[in-house]
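Enquirer:
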Amino acid sequence: MTALPHHTAGRPVIGPSAIGSDLPRFFVLTWTIAVLEFKLRFFGSVLGYVWQVMRPLLLFGVIYLVFTQAFKLAADVAFYPVILLTGIVIFTFFADATGTAVTSVLDRENIVRKIHFPRLAIPAAVVVTALLNFGLNLMVVLIFMAASGVKPHWGWLEMPLLVGYLITLSLGVSMLLSAWYVRYRDIKPIWDVMLQIIFYGSPVLYVLDKVEVEWIKSLMLHLNPLAPLLVQVRHAIIDPNAPSAAAEMGGAIHLLVPIGLVAGIFALGLYVFAREAPRIAEDL
Amino acid sequence: MDATTPSDPVVLVEGAHKSFSRPHIAAHTLKERVLHPLRFRGHETLDALSDVSFAVQRGEFFGILGRNGSGKSTLLKVLGGIYRLDRGTIHIDGRLSTFIELGVGFNPDLAARDNVVLNGIMLGLSPREAKRRYDAVIEFAELEDYQDLKLKNYSSGMHVRLAFSVAIQVDADVLLIDEVLAVGDAAFQQKCYDVFNEMRDAGRTILFVTHDMGAVNRFCHRALLLENGRPVAVGEPQAIANRYLELNFKRDKGQVDATASDAEQRPGDHDARILEAWVEDEQGAPVETLSQGEPYTFRVRVEFLQAVSDPAFTMIFYNDQWNEVFVATTAFAGERQGHFEQGERAVFSVSLDCWFAPGRYLPAAIVAHPGSGTDVIDRWDRVLNFLVVGTRATGGLVDLPHVANVTREIAARAT
Numbered sequence: 001m002t003a004l005p006h007h008t009a010g011r012p013v014i015g016p017s018a019i020g021s022d023l024p025r026f027f028v029l030t031w032t033i034a035v036l037e038f039k040l041r042f043f044g045s046v047l048g049y050v051w052q053v054m055r056p057l058l059l060f061g062v063i064y065l066v067f068t069q070a071f072k073l074a075a076d077v078a079f080y081p082v083i084l085l086t087g088i089v090i091f092t093f094f095a096d097a098t099g100t101a102v103t104s105v106l107d108r109e110n111i112v113r114k115i116h117f118p119r120l121a122i123p124a125a126v127v128v129t130a131l132l133n134f135g136l137n138l139m140v141v142l143i144f145m146a147a148s149g150v151k152p153h154w155g156w157l158e159m160p161l162l163v164g165y166l167i168t169l170s171l172g173v174s175m176l177l178s179a180w181y182v183r184y185r186d187i188k189p190i191w192d193v194m195l196q197i198i199f200y201g202s203p204v205l206y207v208l209d210k211v212e213v214e215w216i217k218s219l220m221l222h223l224n225p226l227a228p229l230l231v232q233v234r235h236a237i238i239d240p241n242a243p244s245a246a247a248e249m250g251g252a253i254h255l256l257v258p259i260g261l262v263a264g265i266f267a268l269g270l271y272v273f274a275r276e277a278p279r280i281a282e283d284l
Numbered sequence: 285m286d287a288t289t290p291s292d293p294v295v296l297v298e299g300a301h302k303s304f305s306r307p308h309i310a311a312h313t314l315k316e317r318v319l320h321p322l323r324f325r326g327h328e329t330l331d332a333l334s335d336v337s338f339a340v341q342r343g344e345f346f347g348i349l350g351r352n353g354s355g356k357s358t359l360l361k362v363l364g365g366i367y368r369l370d371r372g373t374i375h376i377d378g379r380l381s382t383f384i385e386l387g388v389g390f391n392p393d394l395a396a397r398d399n400v401v402l403n404g405i406m407l408g409l410s411p412r413e414a415k416r417r418y419d420a421v422i423e424f425a426e427l428e429d430y431q432d433l434k435l436k437n438y439s440s441g442m443h444v445r446l447a448f449s450v451a452i453q454v455d456a457d458v459l460l461i462d463e464v465l466a467v468g469d470a471a472f473q474q475k476c477y478d479v480f481n482e483m484r485d486a487g488r489t490i491l492f493v494t495h496d497m498g499a500v501n502r503f504c505h506r507a508l509l510l511e512n513g514r515p516v517a518v519g520e521p522q523a524i525a526n527r528y529l530e531l532n533f534k535r536d537k538g539q540v541d542a543t544a545s546d547a548e549q550r551p552g553d554h555d556a557r558i559l560e561a562w563v564e565d566e567q568g569a570p571v572e573t574l575s576q577g578e579p580y581t582f583r584v585r586v587e588f589l590q591a592v593s594d595p596a597f598t599m600i601f602y603n604d605q606w607n608e609v610f611v612a613t614t615a616f617a618g619e620r621q622g623h624f625e626q627g628e629r630a631v632f633s634v635s636l637d638c639w640f641a642p643g644r645y646l647p648a649a650i651v652a653h654p655g656s657g658t659d660v661i662d663r664w665d666r667v668l669n670f671l672v673v674g675t676r677a678t679g680g681l682v683d684l685p686h687v688a689n690v691t692r693e694i695a696a697r698a699t
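Protein chains in written order, with my numbering: chain A, 1 to 284; chain B, 285 to 699.
Shown next, in the form of structure tokens:
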């Protein structure tokens, strides 16, 4: 390069990137966008927060009636209402975060094309907003657990790990999809269908030990990272007598599969987003 | 640092190159695809910037002038870090602030406070700095009483005040400003320009992107002219503005000529036909670009197809806004032009000192039967297409030579 000596004082302008060189700035920006978005949802309609909580609760009510009263499929599962509600809240977080993230970069086109800022803040903020919502919904779950007689126990210490796993997965998928969506608009309908498949392929409506075909159970546990999470949540948080993820998968070593999958999705998402970030503004 | 030292540029752009690959649409034919199978592999490449280099000194008001599609907005965006360069380097010394649009990212459902703080954080301020800036913004916008009102409930005037205040309350060494910042009514535009002037006088370095050469003349110390992504010239605003006019002139000429030559559409009874028209300078050489204040002669050649007595010749000088700026005619001269036989030719000449305002002119030539001049034989609109360049863009249609002075009246005070 023919660098001239007289511009050494200046800072090179290298264009947009995913995170930028200023990590605190990235976090502050992500947090600010997320909180404002949450505020908008919260105060956006008359009943605000009520709707945020009602959605999973209504789904819960319908499924609960169908599975315990109409079909009696889950009648002998201990703590079924709590398991069902927890599953719905966890899945709602995942679907909310990833489903909103897909179009998020395009939704904020006006700022992407006109302001220089770390691009990753957009999908990351979507996940944080979903997380704030998730926190509120968890309070309802806690009330439910108390009412159903779930007692605090040592398994609760696993909570941060489980939530961390869920966040890593959601953020990884969000980065991947939002970056791809800029180029391939088919991602949105595809992901909508995928979410449906993941919903039925996860032990939300049912508990996994009721799945009697071994290979289907194994497939679910090894391919769908949400499945072992839900199994472990049931074991560690709600009912220690229920089988753990390791037990269902046939040994703790098998846990490496979903953990590896989540780590892989996160790494791929970060890689793809970082690669696309410099060009996002022009590809929109 | 010394603003006059050329070795101290605040902004240095070297060999900047940026191309976009645009998804290629059905407009490209199958033939093209077959002929250039590699070139049209789903995308076509558009060179928005090619080999752009320039340096801006500290404290300069630097204009970037170009037509739509000339690459000036792309240049602004690579300077602002919104696009990444393909090749070349950009160095900026100091804090940079980019304003491409008023009120970018404002959310109508959020209060002014939230919007302004978010905007500050997006620009890279810490939360504390953003809150401090918020106070300054709201004070400048004079919106202290409406801080918690949602933006959607603001009047459009309040909205613009807030957005503009956000744009200028920045603690940046280098500002990138797009011309669209100065939108709105005349009063608001004036306010924008006042602020630009203040910033310039305060010694801030400003890069101003525009297609308005008047603005370049008014504000800029120097300017860069872009055409098709390439730098055409860098230098004094006036010289750049003249080059810019010439470029516009060349582009428009082709399409104007195509419509003007259609003789079938021309009004009149066609007892005579206007053959051609041209402009000569003092030496009699044909010219297309006229310098303001210089003498020129406009000539129109006419062929008579029938015998005509005492025809009246007229030239109407229209500018590109279709204002009749000036009319030259023999109809009121009281002079009889005599009898013209069938097949005879004549040249009608108008000589004048060119005191038209700088800009483009499209004169019409008319031959009419004697009388009021309404009994038209042949009328050729846009028979010519010429450009006036000059240093005196006052906003008037013409810039007549004149004397303007002020005489101080002797006051009643003694001594």
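For each residue, glycine too, the CB sits at the ideal point set by N, CA and C.
Fair warning: this is a prediction, and the values are worked out from it, not measured in the lab.
1) Does DSSP classify S545 (chain B) as helix, strand or coil?
2) Between D662 (chain B) and chain A, is there a C-beta pair that is closer than 8 Å?
3) Can you name, in chain order, every residue of its own chain whose Cβ lies under 7 Å from the Cβ of V651 (chain B), other than the five neighbours on each side?
4) Just checking: is the beta-carbon of R368 (chain B) within a distance shorter than 8 Å of some beta-carbon in chain A?
5) Got a sec, what are the start and stop residues for the beta strand (DSSP E) L508 (chain B) sits in?
6) Would T129 (chain A) count as contacting chain B if we go by Cβ distances under 8 Å?
7) Rounded to whole angstroms, what is the Cα-Cα separation between L226 (chain A) and V173 (chain A)?
8) Within this structure, are the beta carbons of G389 (chain B) and I111 (chain A) separated by less than 8 Å?
9) Going along the chain, which residues of its own chain have a beta-carbon closer than 7 Å to the beta-carbon of R550 (chain B), five neighbours each way excluded?
10) N603 (chain B): which of B:Q621, B:F588, B:N669 sits nearest, CA to CA?
11) Is it buried or exposed for H686 (chain B), if we count other Cβ within 10 angstroms and need 16 for buried?
12) Quick one: Cα of P243 (chain A) to Cα of L176 (chain A), how far?
13) Whose CA, out of A:L138, A:F266, A:P123, A:A274, lies closest to the CA of P56 (chain A)?
14) For the region 637–678 of chain B, which segments carrying the beta strand (DSSP E) assignment without a break, of at least 3 residues, lie completely within its bounds, in sequence order?
15) Is the distance from the Cβ of V182 (chain A) to the Cβ of I280 (chain A) below 8 Å?
16) Mind checking whether K356 (chain B) and P392 (chain B) have CB atoms under 8 Å apart?
17) Using a Cβ cut-off of 7 Å, which residues of the region 627–646 of chain B contact any Cβ in chain A, in chain order?
18) Using beta-carbon positions only, say whether V128 (chain A) and A34 (chain A) come within less than 8 Å of one another.
19) Take Y703 (chain B) and list the residues in its own chain whose beta-carbon comes closer than 8 Å to its own, dropping the five residues that flank it on each side.
20) What are the boundary residues of the alpha helix (DSSP H) that includes H222 (chain A)?
21) Per DSSP, what kind of secondary structure is R502 (chain B) in: helix, strand or coil?
22) What in chain B is Cβ-close to F117 (chain A), meaning under 7 Å?
23) By alpha-carbon positions, which one of A:A179, A:L23, A:F43 ends up nearest to L409 (chain B)?
24) I want to verify the contact list: residues of chain B whose CB lies under 8 Å from the CB of L29 (chain A), in sequence order.
25) Check whether the Cβ of E413 (chain B) lies closer than 8 Å to any Cβ atom in chain A.
26) Within 8 Å of any Cβ in chain A, is that where the Cβ of G364 (chain B) sits?
27) At a CB-CB cut-off below 9 Å, which residues of chain A make contact with L402 (chain B)?
28) Find the residues of chain A that neighbour D398 (chain B), judging by a C-beta separation of less than 8 Å, and give them in chain order.
29) Which of the three DSSP states, helix, strand or coil, is assigned to G538 (chain B)?
30) Measure the C-alpha to C-alpha separation of P118 (chain A) and D283 (chain A) and round it to an integer number of angstroms.
31) Excluding five sequence neighbours on each side, which residues of the same chain lie with their C-beta closer than 6 Å to the C-beta of Y645 (chain B)?
32) Between which two residues does the beta strand (DSSP E) harbouring P515 (chain B) extend?
33) Skipping 5 residues on each side, what residues in its chain have a beta carbon closer than 7 Å to that of F266 (chain A)?
34) Taking the C-alpha atoms as reference points, what is the distance between F273 (chain A) and V13 (chain A)?
35) List the residues of chain B whose Cβ lies closer than 7 Å to the Cβ of A281 (chain A), in chain order.
36) Smallest Cα separation from L84 (chain A): which of A:V66, A:L256, A:D96, A:R25?
Expert: Working from what's here:
1) Along the second sequence, one-based indexing puts residue 545 (chain B) at 261. Note that S545 (chain B) scores 48 on pLDDT, short of 50, meaning its location in the model is unreliable; the coordinates nonetheless yield the value given after this. Of the three classes helix, strand and coil, the one that applies to S545 (chain B) here is coil, per DSSP.
2) On the second sequence, residue 662 (chain B) is found 378 positions in, with the first residue counted as 1. So, not an interface residue.
3) To locate residue 651 (chain B), count along the second sequence from 1; it is residue 367. Hits under 7 Å: A556, I558, V586, P595, F597, I661, D662.
4) The residue labelled residue 368 (chain B) in the question sits at position 84 within the second sequence. Chain A, which has a Cβ nearer than 8 Å to the Cβ of R368 (chain B), makes this yes.
5) The sequence position of residue 508 (chain B) within the second sequence is 224, counting from 1. Where L508 (chain B) is concerned, the enclosing beta strand (DSSP E) stretches over 506–511.
6) For this step, residue 129 (chain A) is matched to residue 129 along the first sequence. Not closer than 8 Å to any Cβ of chain B, the Cβ of T129 (chain A) fails to qualify, so no.
7) Numbered from 1 along the first sequence, position 226 holds the residue referred to as residue 226 (chain A). Numbered from 1 along the first sequence, position 173 holds the residue referred to as residue 173 (chain A). Answer to the nearest angstrom: the Cα atoms are 12 Å apart.
8) Residue numbering aside, residue 389 (chain B) sits at position 105 when the second sequence is read from its first letter. Residue numbering aside, residue 111 (chain A) sits at position 111 when the first sequence is read from its first letter. Yes, the pair counts as a contact, with Cβ atoms nearer than the cut-off.
9) Position 266 of the second sequence holds residue 550 (chain B). Within its own chain, the residues whose Cβ lies closer than 7 Å to the Cβ of R550 (chain B), once the five positions on either side in sequence are excluded, are D662, R663, W664, listed in chain order.
10) By 1-based counting over the second sequence, the position of residue 603 (chain B) is 319. The option with the nearest alpha carbon to N603 (chain B) is B:N669.
11) By one-based count along the second sequence, residue 686 (chain B) stands at place 402. Exposed, by the Cβ-count rule.
12) Stepping through the first sequence from its first residue, residue 243 (chain A) is reached at position 243. Stepping through the first sequence from its first residue, residue 176 (chain A) is reached at position 176. Their backbone Cα atoms lie some 33 Å apart in a straight line.
13) Residue numbering aside, residue 56 (chain A) sits at position 56 when the first sequence is read from its first letter. For the residues A:L138, A:F266, A:P123, A:A274, the minimum Cα distance to P56 (chain A) belongs to A:L138.
14) 643–645, 648–652, 660–664, 670–673
15) On the first sequence, residue 182 (chain A) is found 182 positions in, with the first residue counted as 1. On the first sequence, residue 280 (chain A) is found 280 positions in, with the first residue counted as 1. It is a contact, given that the beta carbons lie within the stated cut-off.
16) Taking the second sequence and counting its residues from 1, one reaches residue 356 (chain B) at position 72. Taking the second sequence and counting its residues from 1, one reaches residue 392 (chain B) at position 108. No, the Cβ-Cβ distance between K356 (chain B) and P392 (chain B) is not below 8 Å.
17) none
18) Locating residue 128 (chain A) in the first sequence gives position 128, counting from the first residue. Locating residue 34 (chain A) in the first sequence gives position 34, counting from the first residue. Yes; because the gap between Cβ atoms is below 8 Å, this pair is in contact.
19) Since the first residue shown for chain B is 285 and the last is 699, residue 703 (chain B) is missing from the structure and cannot be characterised.
20) In the first sequence, residue 222 (chain A) corresponds to position 222, counting from 1. H222 (chain A) -> alpha helix (DSSP H) spans 214–223.
21) Sequence index remark: in the second sequence, residue 502 (chain B) carries index 218 (1-based). DSSP places R502 (chain B) in helix when its eight states are reduced to three.
22) For this step, residue 117 (chain A) is matched to residue 117 along the first sequence. Simply M406.
23) The sequence position of residue 409 (chain B) within the second sequence is 125, counting from 1. For L409 (chain B), the nearest C-alpha among the options comes from A:L23.
24) Residue numbering aside, residue 29 (chain A) sits at position 29 when the first sequence is read from its first letter. Going along chain B in sequence order, the residues near L29 (chain A) (Cβ under 8 Å) are I405, M406.
25) Walking along the second sequence from the start, residue 413 (chain B) turns up at place 129. Answer no: the Cβ-Cβ gap between E413 (chain B) and chain A never drops below 8 Å.
26) To locate residue 364 (chain B), count along the second sequence from 1; it is residue 80. For G364 (chain B), the answer is yes, since a Cβ of chain A falls inside 8 Å of its Cβ.
27) Counting from 1 along the second sequence, the entry for residue 402 (chain B) is found at position 118. What L402 (chain B) touches in chain A: L29, T32, I33, L36.
28) What you label residue 398 (chain B) is simply residue 114 of the second sequence in a count that begins at 1. L36, K39, listed in chain order.
29) Numbered from its first residue, the second sequence carries residue 538 (chain B) at position 254. At G538 (chain B), the pLDDT of 49 sits below 50, so the modelled position is not reliable; the number obtained from the coordinates is stated separately. Three-state DSSP puts G538 (chain B) in a helix.
30) Here residue 118 (chain A) refers to the residue found at position 118 of the first sequence. Here residue 283 (chain A) refers to the residue found at position 283 of the first sequence. Roughly 16 Å separates the two Cα atoms.
31) Here residue 645 (chain B) corresponds to residue number 361 of the second sequence, with the count starting at 1. Scanning its chain for C-beta atoms nearer than 6 Å, with the 5 sequence neighbours on each side dropped, one finds around Y645 (chain B) the residues F601, N603, F670, in chain order.
32) As a working note, residue 515 (chain B) is residue 231 in the second sequence. From DSSP, the beta strand (DSSP E) with P515 (chain B) extends over 514–519.
33) The count along the first sequence starts at 1 and reaches residue 266 (chain A) at position 266. So the qualifying residues of the chain are T168, L171, G172.
34) Against the first sequence, residue 273 (chain A) aligns to sequence position 273. Against the first sequence, residue 13 (chain A) aligns to sequence position 13. When rounded, the distance between both Cα atoms is 20 Å.
35) Stepping through the first sequence from its first residue, residue 281 (chain A) is reached at position 281. Using a Cβ-Cβ cut-off of 7 Å, A281 (chain A) is close to I366, Y367 of chain B, given in chain order.
36) One-based indexing of the first sequence puts residue 84 (chain A) at position 84. When each option's Cα is compared against that of L84 (chain A), the closest is A:V66.
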